[in-house]
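Number of protein chains: 2
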Amino acid sequence: MKNIEIEDDLYKYILANIEAFGETPSQILRRLLSLPDAFENTVASVTPTLKSIPSDQKVELVKPDIIDGAQISLPASLAHGVKILFESKVFKQETIVTHKFMMMLTAMYHENKDAFVAAAQKTKGRTRDYLGQNLKVLLATENKEELTLLKASKPRDIPYTPFWVITNANTARKRIIMTQMMSTMGYPQDLIERIKEEI
Amino acid sequence: MKNIEIEDDLYKYILANIEAFGETPSQILRRLLSLPDAFENTVASVTPTLKSIPSDQKVELVKPDIIDGAQISLPASLAHGVKILFESKVFKQETIVTHKFMMMLTAMYHENKDAFVAAAQKTKGRTRDYLGQNLKVLLATENKEELTLLKASKPRDIPYTPFWVITNANTARKRIIMTQMMSTMGYPQDLIERIKEEI
DNA sequence: GATCGGATCGGGGGGATGGTTG
DNA sequence: TCCAACCATCCCCCCGATCCGA
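Protein chains in written order, with this note's numbering: chain A, 5 to 203; chain B, 5 to 203.
So, in structure tokens, the structure goes:
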């Protein structure tokens with residue numbers, strides 16, 4: 005049971021609508037609101053959370069875009085390419101290298117999807133892929149052994165993107181992956197050289 | 005004002021029909037029942053009670069302010085921003101860290117609401133939110149499991165504010181939260197550095 | 001006995017390091 | 001065999017929330 009505080013006139017109004025002797029305010033309210041006696045409704049919370057990059061959830065959204073047929077809204081900080089991203093506050097304030105790494109990839113994807121797709125295919129290690137599409141499908145499809153191996157690399161979805169990246173790598177390797185991606189995609193040399201300062 | 009007792013589910017139903025932050029159950033009921041507004045306007049019910057922060061009840065009240073359409077009166081000690089707060093007697097004499105923590109947040113909210121709102125969204129832990137709006141609604145809406153988790157963090161309404169904060173944290177973490185909030189809101193570095201002395 | 005502040009300690013994630021492969 | 005490149009184990013630190021003491 006809960007106690008709520010209401011103004012006197014509202015209280016009078018409720019009592020004025022009494023229909024049976026001994027009816028409680030609560031019962032009267034139910035009737036007035038056309039609610040069943042045993043009302044049991046859960047209002048589901050619909051908050052799509054982006055657990056992987058915690059920092060800029062509800063930031064200004066721009067650029068409605070289409071990914072896999074679904075429309076998405078991209079945070080402003082990620083919508084204007086790598087160069088602008090480097091200058092953005094959210095990027096500078098982010099301390100976790102993996103997050104910066106993924107933010108860059110998001111920005112790059114939206115800057116040039118075709119080039120990104122091509123570069124993603126070429127960027128891989130000796131035994132493992134570094135990037136790919138549709139992580140969920142991959143995780144569902146592979147056989148047990150391969151799956152264990154795959155998971156060891158800690159692949160994660162790149163936010164606002166149909167791609168995933170490997171996450172279990174030291175910073176040096178993350179730089180290598182970034183460098184390869186940016187080179188293949190044709191980013192200018194001076195921007196590529198900034199990688200080691202930025203992440 | 006009258007108090008009436010209602011079942012939990014009815015209470016949830018009422019809160020589920022909230023349309024504006026800070027709306028009281030009474031106001032919601034009026035709308036649902038198509039009743040005119042009361043002539044006597046409520047202030048008390050919107051204002052989070054200050055039973056948690058003791059002993060400045062009879063203190064000078066200043067700065068009539070608007071929170072979500074309701075007018076409130078703010079204790080002088082909390083009305084002039086963080087810097088003044090640090091120098092105030094009530095703050096210095098307060099021994100409970102959590103109270104000081106919340107006093108600072110109240111002061112910060114009134115010093116710059118927009119910045120506060122933005123900073124509150126960004127300030128969060130790995131799995132839990134640190135601040136948010138409308139605790140009542142949150143508590144009524146979430147599903148059982150999430151609710152238990154949420155409650156473990158002991159969220160409390162920040163007095164004179166539509167926000168709540170996590171309270172179940174050690175002092176070190178409270179400092180981290182404060183630091184993040186103040187940085188994001190753009191407080192000067194020297195004030196931020198005083199956090200570890202002040203709380 | 002009940003409540004409340006918040007230190008303590010278990011758990012989880014980031015990514016450096018040591019081991020492995022070609 | 002040795003070296004370079006790569007992999008993924010595992011350490012350390014951060015975060016959460018249980019629980020102890022006031």
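Just so you know, even glycine gets a beta-carbon here, dropped at the ideal spot from N, CA and C. Here the structure is a predicted model, which means the values were calculated and not measured.
Checklist entry - Would you call A/E11 buried or exposed, if buried means 16 or more other Cβ atoms sit within 10 Å of its Cβ? => result In the first sequence, the residue the question calls residue 11 of chain A occupies position 7. Counting Cβ neighbours within 10 Å, A/E11 comes out buried, since at least 16 surround it.
Checklist entry - So which residues of chain B does A/S30 contact, with C-beta pairs closer than 8 Å? => result By one-based count along the first sequence, residue 30 of chain A stands at place 26. Correct list: I8, E9, I10, E11 and L14.
Item to check | Inter-stretch contact (C-beta, 8 Å, three-pair minimum) for the segment 84-99 of chain B and the segment 161-171 of chain B | outcome: no
Checklist entry - Which ranges would you report for the beta strand (DSSP E) in the segment 141-193 of chain A if only whole runs of at least 3 residues count? => result 167-169
Checklist entry - How about A/R210: is its C-beta nearer than 8 Å to some C-beta of chain B? => result Here chain A has residues from 5 to 203 only, and residue 210 of chain A is not among them.
Item to check | Contact set between A/L37 and chain B, taken where Cβ atoms lie within less than 7 Å | outcome: Taking the first sequence and counting its residues from 1, one reaches residue 37 of chain A at position 33. By Cβ distance, chain B contributes L36.
Checklist entry - When the Cβ atoms of the segment 173-192 of chain A are set against those of the segment 143-155 of chain A, are three or more pairs found closer than 8 Å? => result no
Next on the checklist: Below 8 Å on the Cβ atoms is my contact criterion, and I expect B/F167 with B/A124 to pass it. Report the Cβ-Cβ distance as a whole number of Å.
Outcome noted: Counted from its first residue, the second sequence places residue 167 of chain B at position 163. Counted from its first residue, the second sequence places residue 124 of chain B at position 120. About 6 Å separates the two Cβ atoms, so the contact holds.
Checklist entry - So B/H114 and B/L78 are in contact, right, with Cβ under 8 Å, and what is the actual spacing, rounded? => result Translated into the one-based positions of the second sequence, residue 114 of chain B becomes position 110. Translated into the one-based positions of the second sequence, residue 78 of chain B becomes position 74. Their Cβ separation, rounded to whole angstroms, is 6 Å, which keeps B/H114 and B/L78 in contact under 8 Å.
Checklist entry - If you run the structure through DSSP and keep just helix, strand and coil, what is A/G85? => result Numbered from 1 along the first sequence, position 81 holds the residue referred to as residue 85 of chain A. In the structure shown, A/G85 sits in a helix (DSSP, three-state: H, G or I).
Checklist entry - What span of residues does the beta strand (DSSP E) with B/L135 cover, start to end? => result As a working note, residue 135 of chain B is residue 131 in the second sequence. Note, B/L135: beta strand (DSSP E), L135 to Q137.
Checklist entry - Is the CB-CB distance between A/K178 and A/F120 below 8 Å? => result Translated into positions along the first sequence, residue 178 of chain A becomes position 174. Translated into positions along the first sequence, residue 120 of chain A becomes position 116. Cβ distance not < 8 Å, so A/K178 and A/F120 don't count as in contact.
Checklist entry - Quick one: Cα of B/H103 to Cα of B/D118, how far? => result Locating residue 103 of chain B in the second sequence gives position 99, where the first residue counts as 1. Locating residue 118 of chain B in the second sequence gives position 114, where the first residue counts as 1. The straight-line gap from Cα to Cα measures roughly 23 Å.
Item to check | Range covered by the alpha helix (DSSP H) that runs through B/R35 | outcome: Numbered from its first residue, the second sequence carries residue 35 of chain B at position 31. Taken as a continuous stretch (DSSP letters only), the alpha helix (DSSP H) holding B/R35 covers P29 to L36.
Next on the checklist: What I want to know is whether the C-beta of A/L78 ends up closer than 7 Å to one or more non-hydrogen atoms of the ligand SAH.
Outcome noted: The ligand content of the structure shown is nil, which means the ligand SAH is not present either.
Checklist entry - What three-state label does DSSP hand B/E202 in the structure shown? => result One-based indexing of the second sequence puts residue 202 of chain B at position 198. Correct three-state label for B/E202: helix.
Checklist entry - Less than 8 Å separating the beta-carbons of A/I196 and A/T183? => result The residue labelled residue 196 of chain A in the question sits at position 192 within the first sequence. The residue labelled residue 183 of chain A in the question sits at position 179 within the first sequence. With a cutoff of 8 Å on beta-carbon distance, A/I196 and A/T183 are scored as near each other.
Checklist entry - What is the rounded straight-line gap between the Cα of A/S81 and the Cα of A/S92? => result In the first sequence, residue 81 of chain A corresponds to position 77, counting from 1. In the first sequence, residue 92 of chain A corresponds to position 88, counting from 1. Straight-line Cα distance between these residues: approximately 6 Å.
Checklist entry - Distance, Cα to Cα, B/P29 vs B/R132? => result If you number the second sequence from 1, residue 29 of chain B lands on position 25. If you number the second sequence from 1, residue 132 of chain B lands on position 128. Going by the C-alpha atoms only, they are around 27 Å apart.
Checklist entry - Whose C-beta lies closer than 8 Å to the C-beta of A/E200 among residues of the same chain, with five residues either side of it excluded? => result Residue numbering aside, residue 200 of chain A sits at position 196 when the first sequence is read from its first letter. One detail in the question is off: residue 200 of chain A reads as Lys in this sequence, not Glu. R179, listed in sequence order.
Item to check | A/K155, buried or exposed, once every other Cβ within 10 Å from all chains shown has been counted against 16 | outcome: For the purposes of this step, residue 155 of chain A is taken as residue 151 along the first sequence, with counting starting at 1. So A/K155 ends up on the exposed side.
Checklist entry - If we call anything under 8 Å between Cβ atoms a contact, is B/V86 one with B/Y191? => result Locating residue 86 of chain B in the second sequence gives position 82, where the first residue counts as 1. Locating residue 191 of chain B in the second sequence gives position 187, where the first residue counts as 1. Closer than 8 Å, so yes.
Next on the checklist: Can you tell me whether B/A144 is buried or exposed? The criterion is at least 16 other CB atoms within 10 Å of its CB, across all chains shown.
Outcome noted: Residue 144 of chain B sits at position 140 when you count from the first residue of the second sequence. By the neighbour-count rule (16 or more Cβ atoms within 10 Å), B/A144 is buried.
Checklist entry - Looking at the unbroken alpha helix (DSSP H) that takes in A/T102, where does it start and where does it end? => result Locating residue 102 of chain A in the first sequence gives position 98, counting from the first residue. Here the alpha helix (DSSP H) through A/T102 covers V101 to E115.
Item to check | Cβ-Cβ separation, B/L33 to B/I18 (assumed contact under 8 Å), whole Å | outcome: Working through the second sequence from its first residue, we reach residue 18 of chain B at position 14. Working through the second sequence from its first residue, we reach residue 33 of chain B at position 29. Right, their Cβ atoms sit about 6 Å apart.
Checklist entry - Given A/T165, which residues of its chain have a CB within under 6 Å of its CB, disregarding the five upstream and five downstream residues? => result Counting from one through the first sequence, the residue named residue 165 of chain A turns up at place 161. Counting only Cβ-Cβ distances below 6 Å, and skipping sequence neighbours, we find T110 and Y113.
Checklist entry - Which residues in the same chain as B/Y15 place their Cβ atom closer than 8 Å to its Cβ, once the five residues preceding and following it in sequence are excluded? => result The residue labelled residue 15 of chain B in the question sits at position 11 within the second sequence. Within the same chain, B/Y15 has close Cβ partners P29 and A144.
Item to check | Contact set for B/I217: own chain, Cβ-Cβ below 8 Å, skip 5 residues either direction | outcome: This structure cannot speak to residue 217 of chain B, because chain B is shown only from 5 to 203.
Checklist entry - Does DSSP put B/E91 in a helix, a strand or coil? => result Position 87 of the second sequence holds residue 91 of chain B. DSSP places B/E91 in helix when its eight states are reduced to three.
Next on the checklist: What does the alpha-carbon distance come out to for the pair B/T127 and B/G136?
Outcome noted: Indexing the second sequence from 1 puts residue 127 of chain B at position 123. Indexing the second sequence from 1 puts residue 136 of chain B at position 132. Cα-Cα distance, rounded: 10 Å.
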